[in-house]
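S.K.:
Protein chains: 2
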Amino acid sequence: MPASTTSAAPSVTGRRTRDEKYDERRGQLADSALQTLGELGYARTSLREIAQNSPFSHGVVHYYFAGKDELIIYCVQRYKAACVTRYDELVATSTTPSELADRFCDKLVETLRDEAPLHRLWYDLRSQALFEDALRADVVEIDRALEAMIWRVLTRYAELAGRAPAFDSPLSYALLDGLFEQAVVAHAAGEPAALALLGERASRVLPTLLSPVVGTRRRP
Amino acid sequence: MPASTTSAAPSVTGRRTRDEKYDERRGQLADSALQTLGELGYARTSLREIAQNSPFSHGVVHYYFAGKDELIIYCVQRYKAACVTRYDELVATSTTPSELADRFCDKLVETLRDEAPLHRLWYDLRSQALFEDALRADVVEIDRALEAMIWRVLTRYAELAGRAPAFDSPLSYALLDGLFEQAVVAHAAGEPAALALLGERASRVLPTLLSPVVGTRRRP
DNA sequence: TCGCGATCTTGACAACTGTCAAGAGTTTCT
DNA sequence: AGAAACTCTTGACAGTTGTCAAGATCGCGA
Chain A
300 MPASTTSAAP
310 SVTGRRTRDE
320 KYDERRGQLA
330 DSALQTLGEL
340 GYARTSLREI
350 AQNSPFSHGV
360 VHYYFAGKDE
370 LIIYCVQRYK
380 AACVTRYDEL
390 VATSTTPSEL
400 ADRFCDKLVE
410 TLRDEAPLHR
420 LWYDLRSQAL
430 FEDALRADVV
440 EIDRALEAMI
450 WRVLTRYAEL
460 AGRAPAFDSP
470 LSYALLDGLF
480 EQAVVAHAAG
490 EPAALALLGE
500 RASRVLPTLL
510 SPVVGTRRRP
Chain B
300 MPASTTSAAP
310 SVTGRRTRDE
320 KYDERRGQLA
330 DSALQTLGEL
340 GYARTSLREI
350 AQNSPFSHGV
360 VHYYFAGKDE
370 LIIYCVQRYK
380 AACVTRYDEL
390 VATSTTPSEL
400 ADRFCDKLVE
410 TLRDEAPLHR
420 LWYDLRSQAL
430 FEDALRADVV
440 EIDRALEAMI
450 WRVLTRYAEL
460 AGRAPAFDSP
470 LSYALLDGLF
480 EQAVVAHAAG
490 EPAALALLGE
500 RASRVLPTLL
510 SPVVGTRRRP
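One line per chain: the protein sequences are A and B, in this order.
Per this note's numbering, the first sequence starts with residue 300, numbered consecutively.
Per this note's numbering, the second sequence starts with residue 300, numbered consecutively.
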């Protein structure tokens, strides 16, 4: 174990301190673990398999983590950090509702295309959390963060359109998440149209997530 | 192995034939397996655990099934048969759109309340199919059957309302499935409001799955 | 009643898992 | 340079798993 127990902020000096290297190794191991998890899924991933996808041997895990559970949870939190800001730039810079909708759908398709293993892993972990208590708290927290991410998109979308969201945050997230998970499943099953269908369906659904326009009906 | 290889239709005589008993045992084992799977999830369920939830010992599985995979797939197909007709009676006997919507939402809540383990298992298996090729074909087939089940509800709902479905079958299913899975997760996490929220959200979403009314706008 | 096939139990097997201790190798500091 | 702390490898452990073979038990037909 490292001598110091203080958390590792970047050192002011040029040299890296021990704690920084320690945290770097933890991250390195977590990335190897995430790669393996994305390929094999939670159930089939063993510590030895993780180590084989890393420059280290299987025993090193217990030097940097208390055990398998702590490693997995660390991975899950790392995954979350990479996810929840995915649409923020798009939300900040879009100027019309249709521009925001288009860019959001494109990004949705793009992340499925480029990061399919991680998305498979996410749905796998969320299912595992239905049975494994140790995962539940972190999975629920990530789900909330994803919901908030979607809600930021929708509220800005509504704002740009001069309308209101049709549903509240959890319901809106549930609908879009169902759409995305269906695409992940189809993509994993090798359906080549999965990407295009996701984009097309998302762009059809988005307008219905805003409440119907009022006040434009002609006077009687 | 049983002497005859013919499939076991109910015998005309009063006595049960060997093949009938053979199939009965397969079903019995599959039910024990489904119970264990619903409690522990796919990853943590072993053949010995399944056998402990049955009147038999662990070795008997290999007398009735070629191996673990065949047992699991047999279970999954059995699960499907119990699921896909859940809303058919309601579809056949409802006479107004709001009656159908109410009864559908009630049934949705009821099945989550009474059969939560099986629903957990379903989402678990669908996630496992993202990694395990042996499960993929059967899981995809079940997903299609569930989609058709939902589509029967929606087309009848639209018919009773004198309107058209707003989206096609896959998209409608994806949206409602997202809603239901969210409720399964919340229910498993012990949130007591999960059941009520599911019913409330479903009844809010259903009307938006029909295309907006046209032709009722007053003439200019 | 007896015999034979169907059914089921028991026990063993190899493979795999998470865990951890012992020690080798490496870096750091005085 | 030498000691001390840190880092990593190796090998072993106990437990679990799917699989299957050998044999015990059951039940039906003659």
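Glycine included, each C-beta is placed from N, C-alpha and C at the ideal position.
Among residues of its own chain, excluding the 5 on either side of GLU348 of chain B, which ones have a beta-carbon nearer than 6 angstroms to its beta-carbon?
M.R.: Closer than 6 angstroms at the Cβ level, and outside the excluded window around GLU348 of chain B, lie THR335.
S.K.: Quick check: what's the CA-CA separation for GLU319 of chain B versus ARG443 of chain B?
M.R.: Going by the C-alpha atoms only, they are around 30 angstroms apart.
S.K.: In the DSSP assignment, the alpha helix (DSSP H) including VAL408 of chain A goes from what residue to what residue?
M.R.: It spans 396 to 413 - the alpha helix (DSSP H) in which VAL408 of chain A sits, taken as one unbroken run.
S.K.: Answer yes if the stretch 454 to 467 of chain A comes into contact with the stretch 393 to 411 of chain A, meaning at least three C-beta pairs across the two stretches below 8 angstroms, and no otherwise.
M.R.: Verdict: yes, contact present.
S.K.: Indicate the three-state DSSP secondary structure (helix, strand or coil) for PRO469 of chain B in the structure shown.
M.R.: Looking at PRO469 of chain B - three-state DSSP - the assignment turns out to be helix.
S.K.: Inspect the CB distances between the stretch 397 to 412 of chain B and the stretch 361 to 380 of chain B and report whether three or more fall short of 8 angstroms.
M.R.: With the cut-off at 8 angstroms, the stretch 397 to 412 of chain B and the stretch 361 to 380 of chain B do not touch.
S.K.: Return the chain-ordered ranges of every alpha helix (DSSP H) run that is complete within the stretch 335 to 393 of chain A and spans a minimum of 4 residues.
M.R.: Correct list: 346 to 351, 360 to 363, 367 to 382, 387 to 392.
S.K.: For LYS406 of chain A, which residues from the same chain have a beta carbon less than 8 angstroms from its beta carbon, with the 5 sequence-adjacent residues on both sides left out?
M.R.: Same-chain partners within the cutoff: ARG385, TYR386, LEU389.
S.K.: Using only alpha-carbon positions, find the residue among B:TYR472, B:LEU470, B:LEU497 that is nearest to VAL483 of chain B.
M.R.: If we check each option's Cα against that of VAL483 of chain B, B:LEU497 comes out closest.
S.K.: May I have the straight-line CA-CA distance separating PHE479 of chain B from PHE355 of chain A, to the nearest angstrom?
M.R.: Rounded to whole angstroms, PHE479 of chain B to PHE355 of chain A spans 42 angstroms at the Cα level.
S.K.: Of all the options B:GLY337, B:GLN376, B:ARG412, which has the alpha carbon lying nearest to the alpha carbon of GLY489 of chain B?
M.R.: The candidate whose alpha carbon is nearest that of GLY489 of chain B is B:ARG412.
S.K.: Is it the case that the Cβ atoms of GLN427 of chain A and LEU417 of chain A are separated by a distance below 8 angstroms?
M.R.: No; because the gap between Cβ atoms is not below 8 angstroms, this pair is not in contact.
S.K.: Return the bridge partner residues of LEU509 of chain B from the DSSP annotation.
M.R.: Note: LEU509 of chain B sits in a beta bridge opposite B:PRO464.
S.K.: Closer than 9 angstroms by beta-carbon distance: list the chain A residues that pair up with TYR422 of chain B, in chain order.
M.R.: What TYR422 of chain B touches in chain A: TYR422, ARG425, SER426, LEU429.
S.K.: Going by other Cβ atoms of all chains shown within 10 Å of its Cβ, with 16 needed for buried, is ASP423 of chain A buried or exposed?
M.R.: With 16 or more Cβ atoms within 10 Å of its Cβ, ASP423 of chain A is classed as buried.
S.K.: Anything in chain A within Cβ reach of ARG503 of chain B, meaning under 8 angstroms, just list it in chain order.
M.R.: The contacting residues are PHE466, LEU470.
S.K.: Put GLY477 of chain A into one of helix, strand or coil per three-state DSSP.
M.R.: Helix.
S.K.: Roughly how many whole angstroms lie between the Cα atoms of THR392 of chain B and LEU474 of chain A?
M.R.: Approximately 28 angstroms between the Cα atoms of the pair.
S.K.: Is the Cβ-Cβ distance between LEU494 of chain B and VAL408 of chain B less than 8 angstroms?
M.R.: Taking 8 angstroms as the Cβ cut-off, LEU494 of chain B and VAL408 of chain B qualify as a contacting pair.
S.K.: Measuring straight from C-alpha to C-alpha, what distance separates ALA333 of chain B and VAL360 of chain A?
M.R.: One point to set straight first is that residue 333 of chain B is Leu, not Ala, in the sequence displayed. Those two C-alpha atoms are separated by around 35 angstroms.
S.K.: Give me the chain B residues within the contact set of GLU480 of chain A, using Cβ-Cβ distance strictly less than 9 angstroms, ordered along the chain.
M.R.: Result: ARG425, ALA473, ASP476, GLY477, GLU480.
S.K.: Would you decide whether ASP476 of chain A is buried or exposed? Buried here means 16 or more other CB atoms lie within 10 Å of its CB.
M.R.: Classification of ASP476 of chain A: buried, given that the 10 Å Cβ count is 16 or more.
S.K.: Look up PRO491 of chain A in the DSSP assignment and say whether it is helix, strand or coil.
M.R.: Coil.
S.K.: Measuring straight from C-alpha to C-alpha, what distance separates ASP432 of chain A and TYR456 of chain B?
M.R.: Approximately 39 angstroms, taken between the alpha carbons.
S.K.: Measure the C-alpha to C-alpha separation of ALA485 of chain B and CYS382 of chain A and round it to an integer number of angstroms.
M.R.: The straight-line gap from Cα to Cα measures roughly 22 angstroms.
S.K.: Taking C-beta pairs closer than 8 angstroms, name the residues in chain A that THR507 of chain B reaches, listed in chain order.
M.R.: Here the neighbours are ALA465, THR507.
S.K.: Whose C-alpha, out of B:SER331, B:ARG343, B:GLU414, is nearest the C-alpha of CYS374 of chain B?
M.R.: Residue B:SER331 is the option with its Cα nearest to CYS374 of chain B.
S.K.: What is the DSSP secondary structure of GLU458 of chain B, reduced to helix, strand or coil?
M.R.: Correct three-state label for GLU458 of chain B: helix.
S.K.: Could you compute how far the alpha carbon of SER502 of chain A sits from the alpha carbon of LEU470 of chain A?
M.R.: Rounded to the nearest angstrom, the two C-alpha atoms are 18 angstroms apart.
S.K.: Count the other CB atoms, across all protein chains shown, that sit within 10 Å of the CB of SER510 of chain A; report buried if there are 16 or more and exposed otherwise.
M.R.: Classification for SER510 of chain A: exposed.
S.K.: Kindly list, in the order they appear in chain A, the residues whose Cβ is closer than 9 angstroms to that of LEU494 of chain B.
M.R.: None at all; the shortest Cβ gap to chain A is about 14 angstroms.
S.K.: Would you tell me roughly how many angstroms separate the C-alpha atoms of HIS357 of chain A and ASP368 of chain B, rounded to the nearest one?
M.R.: In a straight line, the C-alpha of HIS357 of chain A is about 29 angstroms away from that of ASP368 of chain B.
S.K.: Can you list, in chain order, the residues of its chain whose CB lies under 7 angstroms from that of TYR341 of chain A, leaving out five sequence neighbours each side?
M.R.: Correct list, in chain order: ASP423, LEU424, GLN427.
S.K.: Buried or exposed for VAL504 of chain B, going by 16 or more other Cβ atoms inside 10 Å?
M.R.: Its Cβ being crowded by 16 or more others within 10 Å, VAL504 of chain B is buried.
S.K.: If we count the other Cβ atoms within 10 Å of its Cβ and call it buried at 16 or more, is GLU323 of chain B buried or exposed?
M.R.: So GLU323 of chain B ends up on the exposed side.
S.K.: How would you list, in chain order, the residues of chain A whose beta-carbon sits under 7 angstroms from the beta-carbon of LEU339 of chain B?
M.R.: Simply PHE430.
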